[in-house]
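These notes concern the structure reproduced below.
In UniProt numbering, the protein residues as written are 1 to 140.
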């Protein structure tokens with residue numbers, strides 16, 4: 001696919017309960033959103049096509065159009081012996097696994113029951129309805 005336009009935006013990602021899951025304003029570095037390269041859902045891209053520099057836009061997407069639904073096949077039950085002996089494993093800890101081509105795949109420990117460790121490889125925001133608050137810094 002070909003990128004048809006890119007936007008540099010400051011973005012707040014807000015959960016249904018009103019809490020902010022992430023914000024580019026904290027780092028001071030806007031996100032680059034590419035329309036047409038297949039990285040964004042069609043529903044997300046549809047919200048970007050008419051935006052211009054200086055625009056502020058807020059929209060809410062269902063999980064399927066935001067970070068996807070939670071996939072039960074991405075939840076794995078692993079034996080404690082698969083982790084370094086000195087690694088602290090408890091719910092909420094993020095662990096990294098080797099992926100294809102040397103990439104890293106993050107996982108979140110969801111549960112520890114004896115020597116059984118439940119690890120969730122879904123995106124942390126998968127399964128959530130998300131509100132995006134955008135401030136368009138520049139259209140490229």
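Think of the CB as a built atom: it goes at the ideal place given N, C-alpha and C, for glycine as much as any other residue.
| Item | Value |
| --- | --- |
| Beta-carbon proximity of residue 42 to residue 10, cut-off 8 Å | no |
| Burial state of residue 56 (16 or more Cβ within 10 Å) | exposed |
| Cut-off 7 Å between Cβ atoms - residues of its own chain near residue 111, not counting five sequence neighbours on either side | 91, 118 |
| 6 Å CB neighbourhood of residue 68 in its chain, flanking five on each side removed | 126 |
| Residue of 76, 54, 44 minimising C-alpha distance to residue 62 | 44 |
| Residue span of the beta strand (DSSP E) that contains residue 31, given as start and end | 31-35 |
| Backbone CA spacing between residue 60 and residue 17 [nearest angstrom] | 13 Å |
| 3-residue-minimum beta strand (DSSP E) runs that sit fully inside the UniProt domain "PPIase FKBP-type" (4-89), ordered along the chain | 5-15, 20-23, 31-35, 56-61, 75-79 |
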